[in-house]
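First comes the structure, then the notes that go with it.
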Amino acid sequence: MESLSAPLALVVLVLDVLAIAHVWRSPIEAGRKIIWTLVIVLLPVVGLIMWAVAAGPFGKARL
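Counting in the UniProt record's numbering, the final residue of the sequence shown is number 63, and the numbers go up one at a time with none missing.
Here you go:
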């Protein structure tokens with residue numbers, strides 16, 4: 001199990017960076033960008049899932 005922790009952490013890191021880049025390229029106001037960035041950085045896995053649900057095609061949240 002320990003052999004999977006480093007690659008899994010790397011995958012989460014890459015996905016977090018991509019999510020943050022997507023947030024900052026989006027046309028939302030700066031305050032929302034900062035909040036989404038903090039959520040993704042402070043809660044890497046949960047924040048990524050929350051962002052994916054909110055930004056996805058069926059997301060009801062306004063990003």
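Even glycine gets a Cβ: it sits at the ideal position worked out from N, Cα and C. These numbers were taken from a predicted model, which means no experiment stands behind them.
Exercise. So, W51 versus A19, is the Cβ gap smaller than 8 Å?
Worked result: Looking up residue 51 in the sequence shown gives position 51. Looking up residue 19 in the sequence shown gives position 19. The Cβ atoms of W51 and A19 sit closer than 8 Å to each other.
For this session: Just mark G56 as buried or exposed, buried being the case when its beta carbon has 16 or more other beta carbons within 10 Å.
Result: Here residue 56 refers to the residue found at position 56 of the sequence shown. Exposed, by the Cβ-count rule.
Exercise. Are the CB atoms of L48 and D16 nearer to each other than 8 Å?
Worked result: Here residue 48 refers to the residue found at position 48 of the sequence shown. Here residue 16 refers to the residue found at position 16 of the sequence shown. Result yes, Cβ atoms of L48 and D16 sit closer than 8 Å.
Exercise. When you compare only the Cα positions, how much space is there between L10 and V46?
Worked result: Along the sequence shown, read from residue 1 onward, the residue named residue 10 stands at position 10. Along the sequence shown, read from residue 1 onward, the residue named residue 46 stands at position 46. The straight-line gap from Cα to Cα measures roughly 16 Å.
Exercise. Between which two residues does the alpha helix (DSSP H) carrying P2 extend?
Worked result: Stepping through the sequence shown from its first residue, residue 2 is reached at position 2. In the sequence as presented, Pro is not what sits at residue 2; that position holds Glu. Per DSSP, E2 is one residue of the alpha helix (DSSP H) stretching across 2 to 25.
For this session: Under 6 Å Cβ to Cβ from V39, same chain only, skipping five residues before and after it: list those, please.
Result: Sequence index remark: in the sequence shown, residue 39 carries index 39 (1-based). Only G47 meet the Cβ criterion.
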